[in-house]
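For any residue, its number in the working numbering is found by taking its place in the sequence shown, counting from 1, and adding 279. By construction, the Cβ of each residue, glycine as well, lies at the ideal position given by its N, Cα and C atoms. None of these values were measured; they are calculated from a predicted model. Single-structure report; data block below.
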Amino acid sequence: MRERVRLVIESRRFQQAIIGVILINAATLGIETSPSAVARYGDLLHIVDHCALYVFVVELLAKAYVYRLRFLLDPWNVFDTLIIAISFLPTASGLSVLRALRVLRTLRLISVVPSLRRVVSALLNAVPGMASIVLLLGLVLYVAAVMGTKLYGTASPEYFGDLSKSLFSLFQVMTGDAWSDIARPLMDTHSSAWLYFVVFVLICTFVVLNLFIAVVVSAMEEESREESRKGHHDEQDVLSEVAALRQEIQSLRELLVERVPS
280 MRERVRLVIE SRRFQQAIIG VILINAATLG IETSPSAVAR YGDLLHIVDH
330 CALYVFVVEL LAKAYVYRLR FLLDPWNVFD TLIIAISFLP TASGLSVLRA
380 LRVLRTLRLI SVVPSLRRVV SALLNAVPGM ASIVLLLGLV LYVAAVMGTK
430 LYGTASPEYF GDLSKSLFSL FQVMTGDAWS DIARPLMDTH SSAWLYFVVF
480 VLICTFVVLN LFIAVVVSAM EEESREESRK GHHDEQDVLS EVAALRQEIQ
530 SLRELLVERV PS
(Lines of atoms letter the chains of each structure in order from A; the text may use other names.)
(Lines give C-alpha, C1' and ligand atoms only; values in the text may rest on other atoms or scores of the structure.)
Protein backbone atom coordinates (compact mmCIF):
# COMPACT_ATOMS: atom_id res chain seq x y z
CA MET A 280 0.00 0.00 0.00
CA ARG A 281 2.78 2.42 0.94
CA GLU A 282 4.57 1.73 -2.35
CA ARG A 283 1.40 2.47 -4.33
CA VAL A 284 0.93 5.78 -2.54
CA ARG A 285 4.57 6.64 -3.20
CA LEU A 286 4.17 6.00 -6.92
CA VAL A 287 1.11 8.24 -6.98
CA ILE A 288 2.61 11.24 -5.15
CA GLU A 289 5.85 11.02 -7.12
CA SER A 290 4.11 10.77 -10.48
CA ARG A 291 4.29 13.64 -12.95
CA ARG A 292 0.51 13.94 -13.23
CA PHE A 293 0.12 14.27 -9.46
CA GLN A 294 2.72 17.05 -9.35
CA GLN A 295 0.97 18.84 -12.21
CA ALA A 296 -2.33 18.52 -10.38
CA ILE A 297 -0.83 20.07 -7.23
CA ILE A 298 0.60 22.93 -9.29
CA GLY A 299 -2.87 23.47 -10.77
CA VAL A 300 -4.46 23.58 -7.31
CA ILE A 301 -1.83 26.09 -6.13
CA LEU A 302 -2.48 28.35 -9.12
CA ILE A 303 -6.25 28.17 -8.67
CA ASN A 304 -5.91 28.93 -4.98
CA ALA A 305 -3.61 31.86 -5.74
CA ALA A 306 -6.17 33.22 -8.20
CA THR A 307 -9.03 32.98 -5.67
CA LEU A 308 -6.95 34.74 -3.03
CA GLY A 309 -6.30 37.55 -5.51
CA ILE A 310 -9.99 37.80 -6.41
CA GLU A 311 -10.83 38.10 -2.69
CA THR A 312 -9.09 41.49 -2.68
CA SER A 313 -11.99 42.86 -4.76
CA PRO A 314 -14.97 43.82 -2.56
CA SER A 315 -17.41 43.53 -5.47
CA ALA A 316 -16.18 40.02 -6.32
CA VAL A 317 -16.45 38.96 -2.67
CA ALA A 318 -19.99 40.33 -2.51
CA ARG A 319 -21.04 38.28 -5.55
CA TYR A 320 -18.93 35.13 -5.26
CA GLY A 321 -17.82 35.14 -1.64
CA ASP A 322 -19.27 31.72 -0.81
CA LEU A 323 -17.75 30.10 -3.89
CA LEU A 324 -14.35 31.61 -3.19
CA HIS A 325 -14.58 30.38 0.39
CA ILE A 326 -15.36 26.84 -0.76
CA VAL A 327 -12.52 26.80 -3.32
CA ASP A 328 -10.09 28.08 -0.69
CA HIS A 329 -11.05 25.36 1.79
CA CYS A 330 -10.96 22.63 -0.86
CA ALA A 331 -7.43 23.69 -1.87
CA LEU A 332 -6.36 23.64 1.77
CA TYR A 333 -7.74 20.14 2.26
CA VAL A 334 -5.92 18.95 -0.87
CA PHE A 335 -2.65 20.30 0.51
CA VAL A 336 -3.26 18.63 3.87
CA VAL A 337 -3.98 15.29 2.22
CA GLU A 338 -0.82 15.63 0.14
CA LEU A 339 1.32 16.29 3.22
CA LEU A 340 -0.28 13.39 5.12
CA ALA A 341 0.39 11.09 2.17
CA LYS A 342 4.03 12.16 2.07
CA ALA A 343 4.37 11.66 5.82
CA TYR A 344 2.82 8.18 5.46
CA VAL A 345 5.21 7.22 2.67
CA TYR A 346 8.47 8.76 3.88
CA ARG A 347 7.92 8.50 7.66
CA LEU A 348 10.87 10.11 9.47
CA ARG A 349 12.50 11.02 6.17
CA PHE A 350 9.61 13.44 5.67
CA LEU A 351 11.07 15.75 8.33
CA LEU A 352 14.59 15.44 6.95
CA ASP A 353 13.58 17.13 3.71
CA PRO A 354 13.62 20.93 4.25
CA TRP A 355 11.08 21.42 1.46
CA ASN A 356 8.58 19.22 3.31
CA VAL A 357 9.14 21.26 6.46
CA PHE A 358 8.64 24.43 4.43
CA ASP A 359 5.34 23.13 3.02
CA THR A 360 4.18 22.07 6.48
CA LEU A 361 4.83 25.52 7.95
CA ILE A 362 3.03 27.22 5.05
CA ILE A 363 -0.04 25.01 5.51
CA ALA A 364 0.06 25.31 9.31
CA ILE A 365 -0.23 29.10 8.99
CA SER A 366 -3.58 28.60 7.27
CA PHE A 367 -4.97 26.98 10.42
CA LEU A 368 -4.09 29.90 12.69
CA PRO A 369 -7.15 31.58 14.24
CA THR A 370 -8.51 34.54 12.29
CA ALA A 371 -10.76 35.92 15.02
CA SER A 372 -10.24 37.58 18.39
CA GLY A 373 -7.95 40.32 17.06
CA LEU A 374 -5.94 37.94 14.85
CA SER A 375 -7.82 38.60 11.60
CA VAL A 376 -4.60 39.97 10.09
CA LEU A 377 -3.38 36.37 9.94
CA ARG A 378 -6.04 35.68 7.32
CA ALA A 379 -3.93 37.62 4.82
CA LEU A 380 -1.11 35.13 5.38
CA ARG A 381 -3.07 32.51 3.45
CA VAL A 382 -1.50 33.91 0.31
CA LEU A 383 1.76 32.34 1.50
CA ARG A 384 0.37 29.05 0.21
CA THR A 385 1.28 30.34 -3.25
CA LEU A 386 4.92 29.98 -2.23
CA ARG A 387 4.43 26.22 -2.37
CA LEU A 388 5.16 26.55 -6.08
CA ILE A 389 8.81 26.88 -5.04
CA SER A 390 8.85 23.40 -3.54
CA VAL A 391 6.81 21.82 -6.35
CA VAL A 392 8.55 23.24 -9.43
CA PRO A 393 12.12 21.83 -9.74
CA SER A 394 13.50 24.89 -11.56
CA LEU A 395 12.31 27.18 -8.76
CA ARG A 396 13.87 24.87 -6.18
CA ARG A 397 17.21 25.14 -7.96
CA VAL A 398 17.03 28.93 -8.01
CA VAL A 399 16.19 29.12 -4.29
CA SER A 400 18.92 26.59 -3.46
CA ALA A 401 21.43 28.69 -5.39
CA LEU A 402 20.33 31.83 -3.51
CA LEU A 403 20.70 30.06 -0.17
CA ASN A 404 24.16 28.86 -1.15
CA ALA A 405 25.05 32.46 -2.02
CA VAL A 406 24.04 33.79 1.41
CA PRO A 407 27.56 33.57 2.98
CA GLY A 408 29.09 35.56 0.12
CA MET A 409 26.19 38.01 0.11
CA ALA A 410 26.58 38.56 3.87
CA SER A 411 30.14 39.78 3.31
CA ILE A 412 28.94 42.16 0.59
CA VAL A 413 26.15 43.47 2.85
CA LEU A 414 28.74 44.16 5.53
CA LEU A 415 30.91 46.02 3.00
CA LEU A 416 27.89 47.98 1.74
CA GLY A 417 26.88 48.92 5.28
CA LEU A 418 30.40 50.10 6.02
CA VAL A 419 30.51 52.27 2.90
CA LEU A 420 27.04 53.70 3.67
CA TYR A 421 28.02 54.52 7.24
CA VAL A 422 31.26 56.27 6.26
CA ALA A 423 29.53 58.23 3.49
CA ALA A 424 26.63 59.17 5.82
CA VAL A 425 28.99 60.52 8.48
CA MET A 426 30.85 62.54 5.85
CA GLY A 427 27.59 63.80 4.33
CA THR A 428 26.23 64.89 7.71
CA LYS A 429 29.37 66.83 8.57
CA LEU A 430 29.76 68.39 5.11
CA TYR A 431 26.17 69.12 4.10
CA GLY A 432 24.09 68.96 7.29
CA THR A 433 23.73 72.73 7.47
CA ALA A 434 23.12 73.33 3.77
CA SER A 435 20.60 70.49 3.36
CA PRO A 436 19.10 69.60 6.76
CA GLU A 437 16.13 67.76 5.21
CA TYR A 438 18.49 65.21 3.64
CA PHE A 439 21.66 65.37 5.74
CA GLY A 440 20.48 66.95 8.99
CA ASP A 441 21.48 63.93 11.10
CA LEU A 442 22.95 60.48 10.64
CA SER A 443 19.62 58.69 10.12
CA LYS A 444 18.53 61.19 7.44
CA SER A 445 21.89 60.88 5.72
CA LEU A 446 21.69 57.08 5.70
CA PHE A 447 18.24 57.13 4.16
CA SER A 448 19.20 59.80 1.60
CA LEU A 449 22.27 57.84 0.54
CA PHE A 450 20.22 54.67 0.29
CA GLN A 451 17.89 56.56 -2.06
CA VAL A 452 20.91 57.74 -4.04
CA MET A 453 22.23 54.17 -4.20
CA THR A 454 18.96 52.85 -5.63
CA GLY A 455 18.91 55.63 -8.24
CA ASP A 456 15.56 56.98 -7.03
CA ALA A 457 15.62 60.66 -8.12
CA TRP A 458 19.03 61.15 -6.55
CA SER A 459 19.60 64.24 -8.70
CA ASP A 460 16.83 65.96 -6.72
CA ILE A 461 19.09 65.61 -3.70
CA ALA A 462 22.38 66.46 -5.39
CA ARG A 463 21.48 69.42 -7.64
CA PRO A 464 20.05 71.78 -4.97
CA LEU A 465 23.06 70.99 -2.81
CA MET A 466 25.44 71.87 -5.64
CA ASP A 467 24.05 75.43 -5.65
CA THR A 468 25.77 76.08 -2.32
CA HIS A 469 28.55 73.46 -2.57
CA SER A 470 29.82 73.33 -6.15
CA SER A 471 32.10 70.39 -5.39
CA ALA A 472 29.25 68.23 -4.03
CA TRP A 473 29.04 66.45 -7.39
CA LEU A 474 32.33 64.73 -6.62
CA TYR A 475 30.92 63.29 -3.37
CA PHE A 476 27.84 61.87 -5.10
CA VAL A 477 29.65 60.58 -8.18
CA VAL A 478 32.21 58.71 -6.09
CA PHE A 479 29.47 57.29 -3.87
CA VAL A 480 27.39 56.13 -6.86
CA LEU A 481 30.42 54.57 -8.53
CA ILE A 482 31.37 52.63 -5.41
CA CYS A 483 27.92 51.52 -4.22
CA THR A 484 25.83 51.24 -7.37
CA PHE A 485 28.35 50.17 -9.99
CA VAL A 486 30.69 48.11 -7.81
CA VAL A 487 29.15 46.82 -4.59
CA LEU A 488 25.62 46.13 -5.90
CA ASN A 489 27.02 44.35 -8.94
CA LEU A 490 28.95 42.09 -6.59
CA PHE A 491 25.55 40.73 -5.48
CA ILE A 492 24.83 39.73 -9.06
CA ALA A 493 28.26 38.14 -9.41
CA VAL A 494 27.80 36.07 -6.25
CA VAL A 495 24.31 34.90 -7.26
CA VAL A 496 25.40 34.02 -10.79
CA SER A 497 28.37 32.09 -9.41
CA ALA A 498 26.12 30.18 -7.02
CA MET A 499 23.65 29.33 -9.81
CA GLU A 500 26.49 28.11 -12.04
CA GLU A 501 27.72 25.91 -9.20
CA GLU A 502 24.20 24.57 -8.69
CA SER A 503 23.94 23.84 -12.41
CA ARG A 504 27.27 22.01 -12.38
CA GLU A 505 26.14 20.01 -9.38
CA GLU A 506 22.95 19.02 -11.18
CA SER A 507 25.00 18.02 -14.23
CA ARG A 508 27.35 15.92 -12.12
CA LYS A 509 24.41 14.28 -10.42
CA GLY A 510 22.71 13.55 -13.73
CA HIS A 511 25.96 12.15 -15.16
CA HIS A 512 26.42 9.99 -12.08
CA ASP A 513 22.86 8.65 -12.38
CA GLU A 514 23.46 7.92 -16.06
CA GLN A 515 26.64 6.02 -15.21
CA ASP A 516 24.72 3.99 -12.63
CA VAL A 517 22.09 3.08 -15.21
CA LEU A 518 24.74 2.09 -17.74
CA SER A 519 26.51 -0.03 -15.13
CA GLU A 520 23.27 -1.79 -14.27
CA VAL A 521 22.55 -2.42 -17.95
CA ALA A 522 26.05 -3.81 -18.48
CA ALA A 523 25.69 -6.08 -15.45
CA LEU A 524 22.30 -7.27 -16.72
CA ARG A 525 23.77 -8.04 -20.14
CA GLN A 526 26.57 -10.01 -18.50
CA GLU A 527 24.07 -12.02 -16.48
CA ILE A 528 22.01 -12.74 -19.62
CA GLN A 529 25.15 -13.86 -21.45
CA SER A 530 26.06 -16.14 -18.53
CA LEU A 531 22.57 -17.68 -18.60
CA ARG A 532 22.84 -18.25 -22.34
CA GLU A 533 26.18 -20.00 -21.94
CA LEU A 534 24.79 -22.11 -19.13
CA LEU A 535 21.80 -23.12 -21.25
CA VAL A 536 24.07 -24.03 -24.17
CA GLU A 537 26.16 -26.26 -21.93
CA ARG A 538 23.11 -28.08 -20.59
CA VAL A 539 21.34 -28.57 -23.91
CA PRO A 540 22.52 -31.91 -25.43
CA SER A 541 24.01 -31.65 -28.90
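Could you check if residue i is buried or exposed, using at least 16 other CB atoms within 10 Å of its CB as the buried criterion?
i: E282; result: exposed
i: A522; result: exposed
i: T433; result: exposed
i: S372; result: Low confidence applies here, because S372 scores a pLDDT of 49, under 50, leaving its location unreliable and the question unanswered by this model.
i: T307; result: buried
i: S313; result: exposed
With residue i as the anchor, note down where its alpha helix (DSSP H) starts and where it stops.
i: E338; result: 314-346
i: W355; result: 354-366
i: L449; result: 442-454
i: S459; result: 459-468
i: F479; result: 472-482
Consult DSSP for residue i and reduce its assignment to one of helix, strand or coil.
i: E437; result: helix
i: M426; result: helix
i: M280; result: coil
i: G432; result: coil
i: A522; result: helix
i: V392; result: coil
i: S400; result: helix
i: S290; result: coil
i: G373; result: Because the pLDDT of G373 is 49, which lies under 50, any placement of that residue in the model is unreliable, and the question is left without a value.
i: E311; result: coil
i: A410; result: helix
i: A493; result: helix
i: F405; result: Sequence inspection shows Ala at residue 405; the Phe mentioned does not correspond to that position. DSSP places A405 in coil when its eight states are reduced to three.
At least one CB of chain C closer than 8 Å to the CB of residue i: is that the case?
i: A405; result: Going by chain labels, chain C is absent from the structure shown, which holds only one protein chain.
Three or more C-beta pairs below 8 Å linking the region 486-500 and the region 402-412: Contact between the region 486-500 and the region 402-412 is present, because at least three Cβ pairs lie under 8 Å.
Validate contact between the region 421-441 and the region 465-485 using beta carbons, cut 8 Å, 3 pairs: yes
At least three beta-carbon pairs within less than 8 Å, the region 325-338 to the region 295-305: yes
Segment contact, 8 Å Cβ cut-off, at least three pairs: the region 467-485 with the region 419-429: Touching, yes.
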